[in-house]
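K.L.:
Residue numbers (our numbering), protein chains in the order written: chain A, 6 to 248; chain B, -8 to 331.
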């Protein structure tokens, strides 16, 4: 039995957004969820963490997370939302402390881990996009949950900060399960242990990055793509011409 | 830069305005007369329980101090505490710096009740207003419910729409009262004239429960700022929305039914404290509450002294003081920074 076993469906009113998306995952994995806009990636994360109420089950270590109270669920799983502009002038430390509501985790260690300890008294509203993303991740680390979900943690970030975040996620995944929605296929290929490809609310493909084929990308995204190898990394080269 | 000694500062301010509120009035009293009256009042209250306490001779100023000014000052303070902490909770709940504690239908409902009370039972306007305020919150709340949850945007819109409807009804009732319309008017503008120890006792219990709950739940108020996302941090957001709506309704409905519709305290006090202390509800809620009490006692002091011997409705004073100050804040701080 795997640590996490998922099978969920979800509809906004009449509109089916997720149709029986099923997968399993293990501690120590960095799992990337990829797919075109509107495929249901963000909805899937929100279902896993209980922000939305899906049909089906999300079983972690034998317990159905969907049946737990928010406080008990937060001890096991957490979620880093898509970074937007921070609205409230909490200090970095106060902000990270919010993660300890359910768990009484270690704020100091979380701040040191992402490199914001020295700046803990500054206000989050003064942070750049990349720094705010780090603060969000520190909040999740302080929560100490064994499963960390992240919704597009590298969007809005320059290459340097995006790589920094991906390295951090890779390191975090050594002792827990990290599941990230990623738009950048090259970052997904380079860092993820496994990919789950969603299309129109269904799981279209699942596998290791080295097994992803150009045809699959074409079928899902509707663009021609080549996969090249540069210094041992596989790199996707999409072509603008529509199929 | 959070202010460090907010608690002793605000407690000292409370004592100062409290003393001024009892000391200053249409009849001039000396500090010693005030002190003697308070001591006598406390002693005679205790002597009813402990027969060995002898209150001694009754000071001349006793009636003014003990029966008129002291309950009035205490009531204003308690109503200020209640409105300001309900304001903090509303702004967190709606994630909106302009949220007023009245927005969920309390003041609109109280207006109808007061106007009806003025027509059918002028002695019980407060009770009418209380019942009508609570019913109005229930209407707004029920309309906003979706699948057992309360989306705050819907609640906000329902509150505003209901407010228009209710004020149309209130206006009609006021107009139909003809010459007696001023009774409703004066009541709606808010006053602490005629405050009794009974009112103080009632408001004390309400404030203890409501303000106490909001001060205690500072972590939950911090988290609810982040909306549905806070579920991932472990907050039962749907439960706490209901609890906070309940606390806001309790505090404002009783505040309005005892003192009329007093505006701006619920908006201005949290804003000033947020500028000084930051958004953390650990200090923001108690500080805003205490400052709300200070502001309202001060406003009431002005209400009964600036146009002596005529007494102005305290709602006029809070609006006259609050609105320009609020505009000043808006000009000084960019919109984005105001909530910060």
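The beta carbon of each residue, even a glycine, is placed where N, CA and C say it ideally should be.
None of the values given here were measured: they were computed from a predicted structure.
Closer than 7 Å between beta carbons: that is the criterion. Which residues of the region 213 to 229 of chain B meet it against chain A?
P.N.:
Within the region 213 to 229 of chain B, the residues whose Cβ lies closer than 7 Å to some Cβ of chain A are 213, 214, 216, 219, 220, 222, 223, 224, 225, 226, 227, listed in chain order.
K.L.:
In the DSSP assignment, find the unbroken beta strand (DSSP E) run with residue 210 of chain A in it and report its ends.
P.N.:
From DSSP, the beta strand (DSSP E) with residue 210 of chain A extends over 207 to 212.
K.L.:
Could you check whether the Cβ of residue 86 of chain A sits closer than 8 Å to any Cβ belonging to chain B?
P.N.:
Judged by the 8 Å Cβ criterion, residue 86 of chain A is in contact with chain B.
K.L.:
Alpha carbon to alpha carbon, what distance is there between residue 180 of chain B and residue 207 of chain A?
P.N.:
Cα to Cα, the separation comes out at about 60 Å.
K.L.:
Is residue 146 of chain A close to chain B, meaning its C-beta is less than 8 Å from at least one C-beta of that chain?
P.N.:
No, its Cβ sits nowhere closer than 8 Å to a Cβ of chain B.
K.L.:
From the DSSP output, in three-state form, read off residue 175 of chain A for me.
P.N.:
If DSSP states are grouped into helix, strand and coil, residue 175 of chain A belongs with the helices.
K.L.:
Skipping 5 residues on each side, what residues in its chain have a beta carbon closer than 8 Å to that of residue 36 of chain B?
P.N.:
Around residue 36 of chain B: no qualifying Cβ.
K.L.:
Short of 8 Å in beta carbon distance, which residues of its chain neighbour residue 122 of chain A, apart from the five on each side in sequence? Order them along the chain.
P.N.:
For residue 122 of chain A, where only same-chain residues beyond five positions count, the Cβ hits under 8 Å are 113, 116.
K.L.:
Which stretch, first to last residue, makes up the alpha helix (DSSP H) that contains residue 255 of chain B?
P.N.:
First-last for residue 255 of chain B: undefined, no H or E at that position.
K.L.:
Taking the beta strand (DSSP E) that residue 61 of chain A belongs to, which residues open and close that run?
P.N.:
Run containing residue 61 of chain A: 60 to 65, per the beta strand (DSSP E) assignment.
K.L.:
Can you tell me where the beta strand (DSSP E) with residue 203 of chain A in it begins and where it stops?
P.N.:
Its beta strand (DSSP E) spans residues 199 to 204.
K.L.:
Is residue 1 of chain A buried or exposed, if buried means 16 or more other CB atoms sit within 10 Å of its CB?
P.N.:
Since the first residue of chain A shown is 6 and the last is 248, residue 1 of chain A is not available in this structure.
K.L.:
Please list the partners that residue 270 of chain B has in chain A, where partner means a Cβ-to-Cβ separation under 7 Å.
P.N.:
Going along chain A in sequence order, the residues near residue 270 of chain B (Cβ under 7 Å) are 93, 94, 95.
K.L.:
Does the contact criterion of 3 or more C-beta pairs under 8 Å hold for the region 235 to 250 of chain B versus the region 92 to 107 of chain A?
P.N.:
Verdict: no, contact absent.
K.L.:
Where does residue 92 of chain B sit, in a helix, a strand or coil, going by DSSP?
P.N.:
Here residue 92 of chain B sits in helix by DSSP.
K.L.:
Contact check, residue 62 of chain B vs residue 190 of chain B under 8 Å by CB: the rounded distance?
P.N.:
Confirmed, Cβ separation roughly 7 Å.
K.L.:
Within its chain, find whatever has a CB closer than 6 Å to the CB of residue 41 of chain A; leave out the 5 residues flanking it on each side and keep chain order.
P.N.:
Answer for residue 41 of chain A: 226, listed in chain order.
K.L.:
Tell me the DSSP secondary structure of residue 29 of chain A in three-state form.
P.N.:
Strand at residue 29 of chain A.
K.L.:
Quick one: is residue 288 of chain B buried, meaning 16 or more other Cβ sit within 10 Å of its Cβ, or exposed?
P.N.:
Answer is buried; the Cβ neighbour count reaches 16.
K.L.:
Which residues in the same chain have their Cβ closer than 7 Å to the Cβ of residue 181 of chain A, if we skip the five residues on either side of it in sequence?
P.N.:
Closer than 7 Å at Cβ, skipping near neighbours: 32, 151, 152, 153.
K.L.:
If we define contact as Cβ-Cβ less than 8 Å, is residue 185 of chain A a contact residue for chain B?
P.N.:
Closer than 8 Å: no.
K.L.:
Can you find a CB in chain B that lies within less than 8 Å of the CB of residue 46 of chain A?
P.N.:
Taking Cβ atoms only, chain B never reaches closer than 8 Å to residue 46 of chain A, which makes this a no.
K.L.:
Could you please give the first and the last residue of the uninterrupted alpha helix (DSSP H) stretch that includes residue 186 of chain A?
P.N.:
Run containing residue 186 of chain A: none in the alpha helix (DSSP H); it sits in the beta strand (DSSP E), 182 to 186.
K.L.:
Would you say residue 29 of chain A faces chain B, with C-beta separation under 8 Å as the test?
P.N.:
Chain B contact via Cβ: absent.
K.L.:
Please report the residue range of the beta strand (DSSP E) in which residue 143 of chain A lies.
P.N.:
Run containing residue 143 of chain A: none in the beta strand (DSSP E); it sits in the alpha helix (DSSP H), 134 to 148.
K.L.:
Quick one: grab the DSSP three-state call for residue 273 of chain B.
P.N.:
Here residue 273 of chain B sits in helix by DSSP.
K.L.:
Apply the 10 Å Cβ neighbour rule to residue 51 of chain A and answer buried if 16 or more other Cβ atoms are within range, or exposed otherwise.
P.N.:
Burial call: buried.
K.L.:
Nearest to residue 222 of chain A by CA position, among A:234, A:235, A:201, is which residue?
P.N.:
It is A:201 whose Cα lies nearest to the Cα of residue 222 of chain A.
K.L.:
Are residue 79 of chain B and residue 276 of chain B close, meaning C-beta to C-beta below 8 Å?
P.N.:
Yes.
K.L.:
Should residue -5 of chain B go down as buried or exposed, given a rule of 16 or more other Cβ atoms within 10 Å for buried?
P.N.:
Residue -5 of chain B is exposed by the Cβ-count criterion.
K.L.:
Does DSSP put residue 106 of chain A in a helix, in a strand, or in coil?
P.N.:
In the structure shown, residue 106 of chain A sits in coil (DSSP, three-state: anything other than H, G, I, E or B).
K.L.:
Give me whichever residues DSSP pairs with residue 96 of chain A in a beta bridge.
P.N.:
Answer is A:128.
K.L.:
For a contact defined as C-beta to C-beta under 8 Å, what are the partners of residue 136 of chain B on chain A?
P.N.:
In chain order: nothing, as chain A lies at least about 16 Å away.
K.L.:
Determine whether the Cβ of residue 248 of chain A lies closer than 8 Å to any Cβ atom of chain B.
P.N.:
With a pLDDT of 46 at residue 248 of chain A, under the threshold of 50, the modelled position of that residue is not reliable, and the figure given next carries that caveat. False, the Cβ-Cβ gap to chain B never drops below 8 Å.
K.L.:
With a threshold of 8 Å between beta-carbons, can residue 167 of chain A be considered close to chain B, or not?
P.N.:
Output row for residue 167 of chain A: interface = no.
K.L.:
Starting from residue 182 of chain B, trace the alpha helix (DSSP H) both ways and give me its first and last residue.
P.N.:
Element bounds for residue 182 of chain B: n/a, residue is neither H nor E.
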